[in-house]
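Read the structure below first, then the notes.
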């Protein structure tokens, strides 16, 4: 017959073969020593699940007499169901069989082993303890690998390891929370990096840009007045207009437009950005304090607020105080790249811990 597999079983079912046909196919595969144990072992369990207990017992006895590998867990289960007690000699043989056949995996198949004898009970518990230890070591190894990749700023590789942890341990919600936090932090870092780069770019532009002409100012004012007529009916447009004014450097117009926008966290943080870009640092410090109170339930608020606070304080001439704020961020979040970059820039070559 060859290997007994699900395709052959399905074929037998389709042909509506009798139970005897199933049994014949199974017994033929069991006796086929050219098949590996991994291929034959499921067939024994198929016989048990199918209710062929008598035939199973006869086949196992025949297998034992021929000194072939036999599913010891099914011997234990069969004897337990039919109230057959093992003699001391049989228990000793069973214990030797587990060792000789290297069938320790059989010990985990049924708890009935613990009803037989103290040596078998201990053997089973030692085996299960070893499995538990291996599982703990695997989990600890994956976590260590994840932390190492994270410390090396290898975000993509770390996320792949984290995905494996989530798949392997779906009941551990900590990994899912960690992944969500990583993605959120990555998004924040991208925004802050772009903001920092944009500020640097604007500083370069400010050194070379000329004053707006009277015509330019008149055009912007007219544009703002016409846009204001839309704010009452379309408050979402107000925030879009504020962002537009941010990019053209009209921070006051942007703040005035933002007043009309719908309340949202994005509006609040856009206002903070506009106050910074407009060099209204004292107002910004007060606004950041309000944001920390407003979003006190969000732990990320503290980091974002302190990052902007450090930049504002630095702009007010308090370089050392600003560096200390950034250090407090980095000590908690070692991978906060924007804070790292500013410390290196502001420290002017000084060493810092």
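In the working numbering, the protein residues as written are 46 to 398. We treat Cβ as the ideally placed atom computed from N, Cα and C, and that holds for glycine. Bear in mind that the values here come from a model prediction, so they are computed numbers and not experimental data.
Item: Taking the runs of the beta strand (DSSP E) that are 3 residues or longer, which of them lie wholly in the stretch 113-185?; Value: none
Item: By a C-beta neighbour count over all protein chains shown, 10 Å radius and 16 as the cutoff for buried, is residue 127 buried or exposed?; Value: exposed
Item: Can you give the Cα-Cα distance for residue 379 and residue 196, rounded to whole angstroms?; Value: 8 Å
Item: How many angstroms separate the CA atom of residue 78 from the CA atom of residue 187?; Value: 39 Å
Item: Measuring straight from C-alpha to C-alpha, what distance separates residue 282 and residue 341?; Value: 28 Å
Item: Verify whether the separation of the beta carbon atoms of residue 162 and residue 136 is less than 7 Å.; Value: yes
Item: Would DSSP call residue 347 helix, strand or coil?; Value: helix
Item: Identify, in the order they occur along the chain, each residue of the same chain with its Cβ nearer than 6 Å to the Cβ of residue 366, setting aside the five sequence neighbours on each side.; Value: 358
Item: In its own chain, which residues sit with a C-beta less than 8 Å from the C-beta of residue 392, not counting the 5 before and 5 after it?; Value: 368
Item: Using the C-alpha atoms, what's the distance from residue 166 back to residue 100?; Value: 28 Å
Item: Tell me which same chain residues have a C-beta within less than 6 Å of the C-beta of residue 88, skipping the five on either side of it?; Value: 49, 71, 74, 75
Item: For residue 322 and residue 316, I'd like the C-alpha separation in whole angstroms.; Value: 10 Å
Item: May I ask you to verify whether the stretch 198-212 touches the stretch 169-178, counting CB pairs closer than 8 Å and requiring at least 3?; Value: no
Item: Taking the Cβ atom as the reference point for each residue, do residue 117 and residue 151 lie within a distance shorter than 7 Å?; Value: yes
Item: For residue 336, count neighbouring Cβ atoms within 10 angstroms of its own Cβ and tell me buried if that reaches 16, exposed if not.; Value: buried
Item: Where does residue 291 sit, in a helix, a strand or coil, going by DSSP?; Value: helix
Item: In terms of residue numbering, what span does the alpha helix (DSSP H) encompassing residue 64 cover?; Value: 64-75
Item: Kindly list the residues whose CB is nearer than 7 Å to the CB of residue 68, restricted to its own chain and excluding five residues on each side of it in sequence; keep chain order.; Value: 97, 100
Item: Rounding to the nearest angstrom, what Cα-Cα distance links residue 279 and residue 314 in this structure?; Value: 20 Å
Item: Under the three-state reduction of DSSP, which class applies to residue 247: helix, strand or coil?; Value: Because residue 247 carries a pLDDT of 48, less than 50, the predicted location of this residue cannot be relied on, and the following value inherits that uncertainty. Looking at residue 247 - three-state DSSP - the assignment turns out to be helix.
Item: Which residues bound the alpha helix (DSSP H) around residue 385?; Value: 382-391
Item: Once the 5 residues before and after residue 350 are set aside, which same chain residues still bring their CB inside 7 Å of it?; Value: 333, 336, 337
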